[in-house]
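Asks:
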Amino acid sequence: MDTGMKAIADRIRGIHRDLPPDDLAPKIVAALNGVPPPSASLWRRLLWRLDGPFAAWGYRLAVLGVLAGIMAGIWTLVGQRNTSSLQGGGEGVAQKVHSTSQGPDEHRVSVTFVYYAPKAESVALVGTFNDWNPRKTPMVKGRNGTWTVRLNLTSGRYEYLFLVNGRRYETDPNAVEVRPDGLGHENAVLRL
Amino acid sequence: MEEWEVQHRIRAVLRGEPERFTPIVEDFTPALFNFAAKMAGRRDDAGEIVQETFFRAYRDLAKFDGRTRFLSWLFGICANICYDHGKKRRRQSRTVPVDSVREDALSDPASPASDRIMAGQDERRLLECLSGLPVALRAAVLLRYHEDMTLAEVALRLRIGLSAAKMRIHRGLDLLRACMERAGGEVEEAKV
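Protein chains in written order, with this note's numbering: chain U, 1 to 192; chain H, 1 to 192.
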């Protein structure tokens, strides 16, 4: 800024200040009395409490306690899930889980099939237990891109594959045992 | 009124104590009135503009996020109202009323009479030039130098980018200097 413009800026700073008439503020207050009073949302009030004065410490502790409880609940759920099923990797990584729970029939075992494919639009489980029918056992997608389905199977030997997007058959990469199908592919083998 | 007190009062209003807004109106009316008078170029219109500013601020009080000064937020609303007001007045004469002349400069017994007259005439010329500026430039220049806002505050309140704010201020000062020179007022060098 050159000196001429600085001079103008200084003059603007020094311009007299217009004072309002004495009755302007009371007039405005009176007019606002007829306006519906504003109010804040519940969420905003909650945030205010959190950064309020020291008098709100009890409230803060209560809120923190609730949040800690929620976190503990989530932690427990995630922990259970990890121990019972997933230790996911990239797309295509799958695991089958043998549930420890037994059905009313001692010979039936609950098995959860898990397949990690976050970009897949559909995944179905096909195998000897459903006559390789892709419509009989669709898998359900979870939040983390994991597809699952639980079956109650009797003891025995089963072969299975995952059908991705109705077109591509994938062998369970974590299968303990696989068997060539004679057509250049391998079926996963599950023994119960 | 300190900013923390303003924000405390606003929270109280939003929690259902509308009467806590009254001191805010009383405290900020002079600053807004002065700004509105300079923007409109007429004291007569300033009261109406300030009233409308407080009405909109009260109605939208829940939208104030508390991250900036409340007065700065009010200036932003006031500037918008002045834009609309300026459109209405566009066809009218852009003269500055006599009551905007710096009366305190004319009546200051400490300075020689000739100096006082010169100071009054100089300010009158400056006000005339200010009211001749496009309203967008006028708002930027007044907020920056007469209301002592930072560049960032000016940009935020006029809802423009920082470079646009700089441009408006620079252009505004440039036009003012040219106007003052045309009007016969010498632009003195600033005492930096």
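Where a beta carbon is used, it is the ideal one built from N, C-alpha and C, also for glycine.
Quick check on this structure: which residue in U:Pro36, U:Pro173 and U:Arg108 has the alpha carbon closest to the alpha carbon of glutamate 17 of chain H?
Replies: Here residue 17 of chain H corresponds to residue number 17 of the second sequence, with the count starting at 1. Cα-wise, what sits closest to glutamate 17 of chain H is U:Pro36.
Asks: Given a limit of 9 Å on CB to CB distance, which residues of the region 135–146 of chain H reach chain U?
Replies: From the region 135–146 of chain H, only Val141, Leu142, Arg144, Tyr145 and His146 have a Cβ closer than 9 Å to chain U.
Asks: Would you call glutamine 4 of chain H buried or exposed, if buried means 16 or more other Cβ atoms sit within 10 Å of its Cβ?
Replies: Residue numbering aside, residue 4 of chain H sits at position 4 when the second sequence is read from its first letter. Reading off the sequence shown, one finds tryptophan at residue 4 of chain H, where the question assumed glutamine. By the neighbour-count rule (16 or more Cβ atoms within 10 Å), tryptophan 4 of chain H is not buried but exposed.
Asks: For proline 180 of chain U, does the three-state DSSP call read helix, strand or coil?
Replies: Position 180 of the first sequence, counting from 1, holds the residue named residue 180 of chain U. Three-state result, proline 180 of chain U: strand.
Asks: Since alanine 62 of chain H is in the beta strand (DSSP E), which residue starts that stretch and which ends it?
Replies: Against the second sequence, residue 62 of chain H aligns to sequence position 62. Where alanine 62 of chain H is concerned, there is no enclosing beta strand (DSSP E), given that its DSSP letter is neither H nor E.
Asks: Using a cut-off of 7 Å between C-beta atoms, extract the partners of valine 63 of chain U located in chain H.
Replies: Here residue 63 of chain U refers to the residue found at position 63 of the first sequence. Here the premise fails: no neighbours, minimum Cβ distance about 17 Å.
Asks: Do you know how far the Cα of arginine 124 of chain H is from the Cα of aspartate 22 of chain U?
Replies: Start at 1 with the first residue of the first sequence, and residue 22 of chain U comes out as number 22. Start at 1 with the first residue of the second sequence, and residue 124 of chain H comes out as number 124. For aspartate 22 of chain U and arginine 124 of chain H, the distance between alpha carbons rounds to 25 Å.
Asks: Starting from the C-beta of leucine 77 of chain U, find all residues in its chain whose C-beta is less than 8 Å away, skip the five residues before and the five after it, and write them out in chain order.
Replies: Residue mapping note: residue 77 of chain U aligns to position 77 of the first sequence, counting from 1. Here the set comprises nothing.
Asks: Between alanine 9 of chain U and chain H, is the shortest Cβ-Cβ distance under 8 Å, so that the two count as touching?
Replies: Here residue 9 of chain U is taken as the residue at index 9 of the first sequence, counted from 1. Answer yes: the Cβ-Cβ gap between alanine 9 of chain U and chain H drops below 8 Å somewhere.
Asks: Have a look at aspartate 18 of chain U and arginine 43 of chain H and give me their C-alpha separation to the nearest angstrom.
Replies: Taking the first sequence and counting its residues from 1, one reaches residue 18 of chain U at position 18. Taking the second sequence and counting its residues from 1, one reaches residue 43 of chain H at position 43. So the alpha carbons of these two residues sit roughly 8 Å apart.
Asks: Report yes or no: is there a C-beta of chain U within less than 8 Å of the C-beta of threonine 150 of chain H?
Replies: Counted from its first residue, the second sequence places residue 150 of chain H at position 150. No, its Cβ sits nowhere closer than 8 Å to a Cβ of chain U.
Asks: Distance, Cα to Cα, glutamine 150 of chain H vs glycine 65 of chain U?
Replies: Translated into positions along the second sequence, residue 150 of chain H becomes position 150. Translated into positions along the first sequence, residue 65 of chain U becomes position 65. The question names glutamine, yet the displayed sequence has threonine at residue 150 of chain H. So the alpha carbons of these two residues sit roughly 42 Å apart.
Asks: Kindly identify the DSSP beta-bridge partner or partners of proline 138 of chain U.
Replies: Locating residue 138 of chain U in the first sequence gives position 138, counting from the first residue. In the DSSP output, where bridge partners are listed per residue, proline 138 of chain U has U:Ala124.
Asks: Decide if serine 131 of chain H is buried, meaning its Cβ has at least 16 other Cβ atoms within 10 Å, or exposed.
Replies: Within the second sequence, residue 131 of chain H is the residue found at index 131, counting from 1. Serine 131 of chain H comes out buried.
Asks: Give the single residue among H:Phe75, H:Glu128 and H:Ala36 whose Cα lies nearest to the Cα of histidine 85 of chain H.
Replies: Along the second sequence, one-based indexing puts residue 85 of chain H at 85. Ranking the options by Cα distance to histidine 85 of chain H, first place goes to H:Ala36.
Asks: Would you mind telling me which residues of chain U sit closer than 8 Å to methionine 180 of chain H, beta carbon to beta carbon, in chain order?
Replies: The residue labelled residue 180 of chain H in the question sits at position 180 within the second sequence. Those are Ile8, listed as they occur along chain U.
Asks: Label aspartate 2 of chain U either buried or exposed according to how many other C-beta atoms from any shown protein chain fall within 10 Å of its C-beta, with 16 as the threshold for buried.
Replies: On the first sequence, residue 2 of chain U is found 2 positions in, with the first residue counted as 1. Under this definition aspartate 2 of chain U is an exposed residue.
Asks: Around the Cβ of valine 135 of chain H, are there at least 16 other Cβ atoms within 10 angstroms (buried) or fewer (exposed)?
Replies: Indexing the second sequence from 1 puts residue 135 of chain H at position 135. Looking at its Cβ environment, which holds 16 or more other Cβ atoms inside 10 Å, valine 135 of chain H is buried.
Asks: Hey, quick one: how far does the beta strand (DSSP E) through leucine 151 of chain U stretch, first residue to last?
Replies: On the first sequence, position 151 is the one that residue 151 of chain U refers to. Looking at the DSSP string, the run of the beta strand (DSSP E) that includes leucine 151 of chain U is 146–154.
Asks: Among the residues of its own chain, which have a CB less than 6 Å from the CB of phenylalanine 33 of chain H, if the five just before and after it don't count?
Replies: Taking the second sequence and counting its residues from 1, the one referred to as residue 33 of chain H is at position 33. If we look at phenylalanine 33 of chain H and ignore the five residues flanking it on each side, its Cβ neighbours are Ala46 and Val50.
Asks: To the nearest angstrom, how far is it from the Cα of lysine 136 of chain U to the Cα of phenylalanine 129 of chain U?
Replies: What you label residue 136 of chain U is simply residue 136 of the first sequence in a count that begins at 1. What you label residue 129 of chain U is simply residue 129 of the first sequence in a count that begins at 1. Computed Cα separation, rounded: 10 Å.
Asks: So which residues of chain U does glutamate 123 of chain H contact, with C-beta pairs closer than 9 Å?
Replies: As a working mapping, residue 123 of chain H is identified with position 123 in the second sequence. Chain U residues near glutamate 123 of chain H: Arg11, Gly14, Ile15 and His16.
Asks: If you reduce the DSSP assignment to three classes, tell me which class asparagine 80 of chain H lands in.
Replies: For the purposes of this step, residue 80 of chain H is identified with residue 80 of the second sequence, where counting begins at 1. If DSSP states are grouped into helix, strand and coil, asparagine 80 of chain H belongs with the helices.
Asks: According to DSSP, which residues form a beta bridge with threonine 22 of chain H?
Replies: Looking up residue 22 of chain H in the second sequence gives position 22. Paired residue(s): none; threonine 22 of chain H is not in a bridge.
Asks: First and last residue of the beta strand (DSSP E) that includes valine 109 of chain U?
Replies: In the first sequence, residue 109 of chain U corresponds to position 109, counting from 1. Taken as a continuous stretch (DSSP letters only), the beta strand (DSSP E) holding valine 109 of chain U covers 108–116.
Asks: For histidine 16 of chain U, I'd like the list of residues in its chain whose CB is within less than 7 Å of its CB, leaving aside the five on either flank, ordered along the chain.
Replies: Counting from 1 along the first sequence, the entry for residue 16 of chain U is found at position 16. None.
Asks: Here's a check: name, in chain order, each residue in its chain whose Cβ is nearer than 8 Å to the Cβ of cysteine 78 of chain H, leaving out the five neighbours to either side.
Replies: For the purposes of this step, residue 78 of chain H is identified with residue 78 of the second sequence, where counting begins at 1. These residues qualify, in order along the chain: Leu32, Phe35, Ala36, Met39, Ile49, Val50 and Thr53.
Asks: Valine 6 of chain H CB to nearest chain U CB: under 8 Å?
Replies: As a working note, residue 6 of chain H is residue 6 in the second sequence. Taking Cβ atoms only, chain U never reaches closer than 8 Å to valine 6 of chain H, which makes this a no.
Asks: Could you check how far apart the C-beta atoms of glycine 166 of chain U and proline 134 of chain U are, in whole angstroms? I think they sit under 8 Å.
Replies: Your numbering for residue 166 of chain U matches position 166 in the first sequence. Your numbering for residue 134 of chain U matches position 134 in the first sequence. Contact holds; Cβ gap of about 7 Å.
Asks: According to the Cβ coordinates, are glutamine 7 of chain H and phenylalanine 70 of chain H closer than 8 Å?
Replies: For this step, residue 7 of chain H is matched to residue 7 along the second sequence. For this step, residue 70 of chain H is matched to residue 70 along the second sequence. Result yes, Cβ atoms of glutamine 7 of chain H and phenylalanine 70 of chain H sit closer than 8 Å.
Asks: Could you tell me which chain H residues have their CB closer than 7 Å to the CB of proline 134 of chain U, listed as they occur along the chain?
Replies: Stepping through the first sequence from its first residue, residue 134 of chain U is reached at position 134. Within 7 Å Cβ-Cβ: nothing; proline 134 of chain U doesn't reach chain H, min ~54 Å.
Asks: Is there a Cβ of chain U sitting closer than 8 Å to that of leucine 127 of chain H, yes or no?
Replies: The residue you call residue 127 of chain H lines up with position 127 of the second sequence. Yes, contact with chain U.
Asks: Chain H partners of arginine 168 of chain U, CB-CB under 8 Å?
Replies: Position 168 of the first sequence, counted from the start, is the residue given in the question as residue 168 of chain U. Within 8 Å Cβ-Cβ: nothing; arginine 168 of chain U doesn't reach chain H, min ~50 Å.
Asks: Which residues in the same chain as glutamate 153 of chain H place their Cβ atom closer than 6 Å to its Cβ, once the five residues preceding and following it in sequence are excluded?
Replies: On the second sequence, residue 153 of chain H is found 153 positions in, with the first residue counted as 1. Cβ neighbours of glutamate 153 of chain H beyond the five flanking positions: Ser72.
Asks: Rounded to the nearest angstrom, how far is the Cβ of asparagine 174 of chain U from that of aspartate 181 of chain U, given a contact under 8 Å?
Replies: For the purposes of this step, residue 174 of chain U is taken as residue 174 along the first sequence, with counting starting at 1. For the purposes of this step, residue 181 of chain U is taken as residue 181 along the first sequence, with counting starting at 1. Actually they do not touch by this definition, with Cβ atoms about 18 Å apart.
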